[in-house]
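In our numbering, the protein residues as written are 18 to 402. Note that beta-carbon positions come from the ideal geometry of N, C-alpha and C, so glycine has one too. Just so it is clear, the structure is predicted and the values come from calculations on it, not from any experiment. The structure appears right after this line, and notes come after that.
So, in structure tokens, the structure goes:
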């Protein structure tokens, strides 16, 4: 729906109840559709978003007993009278899809007041800590010293003198990374069972270690990471694969990103299976999928994979309703039952999305593909034959 305004002054919070099951996109679509033209062009939601007067509309919801309950969140830097009008217009939305809906204003938060409170609290903290500057500096020095000690623990391992942590020998599990900088970063964050390939050729030391220890290949979230994995899997026994977030390198990751990447590691067998599945996906499609990640956009393609149109996800149902000869849809969002029903009607063959929503009927005529934040595509196979 576009980004929130840089200097949002207020946040409209409205609670809602839908007499049925609804997705986030359905609720937002109903808001846009039923308020369009109600208050004139000056207060049209789409126009207000274009000029930065209204930010991205968010919806937090849950389904209980066949009904959908939640909160609508709208940031804005309109003036008070306009905010009041917009809030009143929001309460007139009475249907989401075929289901009766009730929306009621819960609160209008004044962000400037919130900021004033934070400024006062921060000012108190600054005054209290003013006399503790030396202690803070000492703590920072200790932190720097500890990091230096960890980095100094790097050793040269094996005949190839590979950069490694001090616990490669003693640990039952090792983390294999690309280069010395990756080892340094993981050591800094407390991982001592790490060892680097240190080059494009896979060292014999790594091959030997993989035969007697559990191994995690931890690679960059880019094309180079794919190539290293390909080489590594051909000659070494790899048990698990972990990847940095898309577009990032292991040496750049902070502690939280490292923990998340390692926690989300997948068995190497699953990765190899996904590679076999990817052979069915044309390289052009794979690149388009990666280009759409994080954009909240949709790409529609014809039968020759030519781009028909690229647009914000909020316009998907309207655009698809009016489109002709669409073969493939790639969306940075959730594949819903409503979308699949319309896609079947429009004779769409392939739908790529971030996640499958609450879908009860998957048309056998449509192939569904799901992708993750790294752009790895997996066919969704649980559909009628």
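Ranked by Cα distance from residue 225, the options 175, 266, 340 and 237 are led by 175. With 16 or more other Cβ atoms from the protein chains shown falling within 10 Å of its own Cβ, residue 180 counts as buried. Residue 78 and residue 93 have their C-alpha atoms spaced approximately 21 angstroms apart. A Cβ-Cβ distance of about 5 angstroms is found for the pair residue 368 and residue 346, placing them in contact under the 8 angstroms criterion. Of all C-beta pairs linking the segment 54-65 to the segment 115-126, fewer than three are shorter than 8 angstroms, placing the two stretches out of contact.
If you check the CB distance, residue 215 and residue 268 do not come in under 7 angstroms. With respect to the 7 angstroms criterion, residue 263 and residue 390 are classified as neighbours on the basis of their beta carbons.
With contacts defined as CB atoms closer than 7 angstroms, residue 394 and residue 373 fail to qualify as a contacting pair. The alpha-carbon of residue 125 is positioned some 10 angstroms away from that of residue 26.
Annotation: residue 263 is outside any beta strand (DSSP E) and is labelled neither H nor E by DSSP.
With distances taken between CA atoms, residue 84 lies nearest to 33 out of 33, 131, 62 and 193. As summarised for the segment 211-293, the continuous beta strand (DSSP E) elements at least 3 residues long and confined to that stretch are 211-213, 231-236 and 257-260, given in chain order. For residue 335, the enclosing alpha helix (DSSP H) has its first and last residue at 333-339. Looking only at 81, 106 and 87, the smallest Cα-Cα distance to residue 48 is reached by 106. For residue 238, the closest of 250, 29 and 195 by C-alpha to C-alpha distance is 195. The closest CA to that of residue 266, considering only 307, 66 and 199, is found on 199. Under the DSSP assignment, residue 311 falls outside any alpha helix (DSSP H); it carries neither an H nor an E label.
Per the DSSP secondary-structure output, residue 35 pairs in a beta bridge with 85 and 118. Here residue 50 carries a helix assignment [DSSP, helix/strand/coil]. Close CB contacts of residue 322 within its chain, under the 6 angstroms cut and outside five residues either way in sequence, are with 301 (chain order). Residue nearest to residue 350 within the set 326, 313 and 334 is 313 (criterion: CA-CA distance). Cβ neighbours of residue 88 within its own chain (closer than 8 angstroms, five residues either side excluded): 30, 31, 32, 33, 76, 77, 78 and 123.
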